[in-house]
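Below is one structure; the comments refer to it alone.
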Amino acid sequence: DAKTTQPPSMDCAEGRAANLPCNHSTISGNEYVYWYRQIHSQGPQYIIHGLKNNETNEMASLIITEDRKSSTLILPHATLRDTAVYYCIVRVASGGSNYKLTFGKGTLLTVNP
Amino acid sequence: NAGVTQTPKFQVLKTGQSMTLQCAQDMNHEYMSWYRQDPGMGLRLIHYSVGAGITDQGEVPNGYNVSRSTTEDFPLRLLSAAPSQTSVYFCASRGLAGRFGELFFGEGSRLTVL
Numbered sequence: 196d197a198k199t200t201q202p203p204s205m206d207c208a209e210g211r212a213a214n215l216p217c218n219h220s221t222i223s224g225n226e227y228v229y230w231y232r233q234i235h236s237q238g239p240q241y242i243i244h245g246l247k248n249n250e251t252n253e254m255a256s257l258i259i260t261e262d263r264k265s266s267t268l269i270l271p272h273a274t275l276r277d278t279a280v281y282y283c284i285v286r287v288a289s290g291g292s293n294y295k296l297t298f299g300k301g302t303l304l305t306v307n308p
Numbered sequence: 331n332a333g334v335t336q337t338p339k340f341q342v343l344k345t346g347q348s349m350t351l352q353c354a355q356d357m358n359h360e361y362m363s364w365y366r367q368d369p370g371m372g373l374r375l376i377h378y379s380v381g382a383g384i385t386d387q388g389e390v391p392n393g394y395n396v397s398r399s400t401t402e403d404f405p406l407r408l409l410s411a412a413p414s415q416t417s418v419y420f421c422a423s424r425g426l427a428g429r430f431g432e433l434f435f436g437e438g439s440r441l442t443v444l
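If you're matching them up, the sequences are chains A and B in order. With the numbering used here, the residue at position 25 of the first sequence is 220, and numbering never jumps. With the numbering used here, the residue at position 27 of the second sequence is 357, and numbering never jumps.
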């Protein structure tokens, strides 16, 4: 199973871009990268996922390096409400759509006023 | 749209007692799962199901039972609670087609075993 490595914590100023890194050097060719976040005491929330190409949605952008060994989640204009633990997950395939997501410890992003 | 609903939100048990954590979803999702989250650790998968009548074990299944008699409901049973089962429990669901990969989580059930 491909594992991910994330810094335990990061700070960001409100209104600035937050760039959260993730290393997944053992990722295999058919494994997706997912990002979720968990605001204090709430259930995790899906943000974005990707395979090879960069992805963007209304919440964030995902930049995956060409060798796929690392990725960066970008929150373009961080707000105080973005303070949360961010999880980078590599999807473990387990037979078709019957896959499981393994959550590590994530990165605690603190957005400061 | 209620999404994923977990009950109870808080529960205190004595060692050896049994209880059931309820999870219901109204999105017609085939896949449902239970995670537990302990301080300083990520979420760990307990059990999951890909449809009514089908369940399987995750990383930490010992001490927990599940069943899936309907698409909507996926209860988690603790037959004889132990202090090591003190944790926050999250239920999550997703469809097996369509919006690929997005797990929808409930708000959590906080269990304390004395």
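Where is the CB? At the ideal position from N, CA and C, for every residue including glycine.
Could you name the residues of the same chain whose beta carbon sits closer than 7 Å to that of residue i, not counting the 5 residues immediately before and after it, in chain order?
i: R429 of chain B; result: Its pLDDT being 43, under 50, R429 of chain B is placed unreliably in this model, and the value from its coordinates should be taken loosely. Closer than 7 Å at the Cβ level, and outside the excluded window around R429 of chain B, lies no residue.
i: L270 of chain A; result: A212, A213, A255, D277
i: R286 of chain A; result: E226, Y227, Y229, Y294, L296
i: R263 of chain A; result: I222, K247
i: A412 of chain B; result: T345, G393, V443
i: S265 of chain A; result: P216, C217, N218, H219
Taking 9 Å as the cut-off, decide whether the C-beta atoms of residue i and residue j are in contact.
i: L441 of chain B; j: L408 of chain B; result: yes
i: A354 of chain B; j: D386 of chain B; result: no
i: H235 of chain A; j: A279 of chain A; result: yes
i: D356 of chain B; j: T335 of chain B; result: yes
i: T305 of chain A; j: G210 of chain A; result: no
i: T302 of chain A; j: Q201 of chain A; result: yes
i: H359 of chain B; j: F435 of chain B; result: no
i: S379 of chain B; j: V396 of chain B; result: yes
Does residue i get closer than 9 Å to chain A when you measure Cβ to Cβ?
i: V342 of chain B; result: no
i: Y394 of chain B; result: no
i: S363 of chain B; result: yes
i: V334 of chain B; result: yes
i: A422 of chain B; result: yes
i: G346 of chain B; result: no
i: L441 of chain B; result: no
i: G388 of chain B; result: yes
i: S414 of chain B; result: no
i: L351 of chain B; result: no
i: L375 of chain B; result: yes
Going by DSSP, name the residue or residues bridged to residue i.
i: R211 of chain A; result: Paired residues: none, contrary to the question.
i: E250 of chain A; result: A:L257
i: D206 of chain A; result: A:T305
i: N395 of chain B; result: B:R407
i: S417 of chain B; result: B:L441
i: R276 of chain A; result: Answer is none; R276 of chain A lacks a bridge partner.
i: H219 of chain A; result: Its beta-bridge partners do not exist; DSSP assigns none.
i: V380 of chain B; result: Paired residue(s): none; V380 of chain B is not in a bridge.
Using beta carbons (cut-off 9 Å, strictly below), is residue i in contact with chain B?
i: L296 of chain A; result: yes
i: Y282 of chain A; result: yes
Given that residue i touches chain B, what residues does it touch there, using C-beta distances under 9 Å?
i: Q237 of chain A; result: F435, E437, G438
If you drop the 5 nearest sequence neighbours on each side, which residues of the same chain put their C-beta closer than 6 Å to that of residue i?
i: W364 of chain B; result: I376, H377, L406, C421
i: P203 of chain A; result: none
i: T251 of chain A; result: none
i: Q352 of chain B; result: T337, P405
Under 8 Å Cβ-Cβ, which residues of chain B neighbour residue i?
i: G301 of chain A; result: G372
With 9 Å as the threshold, decide whether the Cβ of residue i is near any Cβ in chain C.
i: Y229 of chain A; result: Any reference to chain C falls outside this structure, whose protein chains are A and B.
Interface residues of chain A around residue i at Cβ under 7 Å?
i: E432 of chain B; result: Y241
Spatial neighbours of residue i within its chain, please: CB distance less than 8 Å, with the 5 preceding and 5 following residues excluded, ordered by chain position.
i: M205 of chain A; result: A213, L215, T302, L303, L304, T305
i: E432 of chain B; result: R424
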